[in-house]
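Notes for the one structure printed next.
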Amino acid sequence: MPPNQVLSMLEPRAAIPIEYPILTGIERIADEMFLKAGIVNLPAPAEPNVYGDALLVLVAGTPPVGFIRVIELNGQPHLEQLSVHPHYGKKGVGSALLGAAIKRLGDSGYSTLTLMTFEDIKWNAPFYRKRGFRTVEEVTSTISWLLRREQELGMDKLGRRVALVYDLQK
1146 MPPNQVLSML EPRAAIPIEY PILTGIERIA DEMFLKAGIV NLPAPAEPNV YGDALLVLVA
1206 GTPPVGFIRV IELNGQPHLE QLSVHPHYGK KGVGSALLGA AIKRLGDSGY STLTLMTFED
1266 IKWNAPFYRK RGFRTVEEVT STISWLLRRE QELGMDKLGR RVALVYDLQK
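Position one of the sequence shown corresponds to residue 1146 (the working numbering), numbered consecutively onward.
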């Protein structure tokens, strides 16, 4: 099957509740990639019940092979998780999910999308910067809260973390 036909089969769509346990599994297996980067003891993947509270959950594939979960913090979207099963990595699935989320959030009138990620891992901050994200310049109360939460989870001990933002109304 030609690659473009495979990608069209993986076009992002809204997740349905019966798929939430699959998403937890995708996050778990995708997190194993961090072992190759020397990052161990990541927080456990999200439990299936948290997906229903998200602002936006999109998946690619039936059954899903990747997902993006966006929550709302202080009235603005925050990208909480983007995971793709490693078998589908480097095939544009993550980019397609991110692009679909950006479009939906922008069309809904939101102004920015934030996220926290590892600065020095190529599929983290560099991936997002290539897609138009930039380092947060002003540490707002929301970013301060996120930094504290990451410290509580021990994320700051695993590698250099950075807050990024995307302007949805470009």
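Cβ coordinates follow ideal geometry from the N, Cα and C atoms, glycine included. This one's a predicted model, so the numbers in the text were calculated from it and none came from an experiment.
Nearest-angstrom Cβ-Cβ length linking residue i and residue j, presumed shorter than 8 Å
| i | j | result |
| --- | --- | --- |
| glutamine 1226 | glutamate 1172 | 6 Å |
| alanine 1160 | valine 1204 | 5 Å |
| arginine 1276 | leucine 1243 | 6 Å |
Within 9 Å, strictly: CB atoms of residue i and residue j
| i | j | result |
| --- | --- | --- |
| proline 1193 | leucine 1168 | yes |
| glutamine 1296 | leucine 1258 | no |
| leucine 1155 | alanine 1241 | yes |
| tyrosine 1255 | leucine 1309 | no |
Environment of residue i [buried if 16+ CB atoms lie within 10 Å]
| i | result |
| --- | --- |
| histidine 1232 | exposed |
| proline 1157 | buried |
| glycine 1197 | exposed |
| serine 1286 | exposed |
| isoleucine 1213 | buried |
| serine 1289 | exposed |
Nonlocal neighbours in the same chain, by C-beta distance under 6 Å from residue i, ignoring five residues either side
| i | result |
| --- | --- |
| glutamate 1217 | Leu1200 |
| valine 1202 | Ala1160, Tyr1196, Arg1214 |
Exercise. Considering only residues of the region 1240-1293, which uninterrupted alpha helix (DSSP H) runs meet the minimum length of 4 residues and lie entirely inside it, listed in chain order?
Worked result: For the region 1240-1293, whole alpha helix (DSSP H) runs of length 4 or above, ordered along the chain, are 1270-1274.
Exercise. Along the chain, which unbroken stretches of the alpha helix (DSSP H) at least 4 residues long are found entirely within the region 1147-1221?
Worked result: If only complete runs of 4 or more residues are kept, the region 1147-1221 shows the alpha helix (DSSP H) at 1148-1154, 1165-1176, 1178-1181, in order along the chain.
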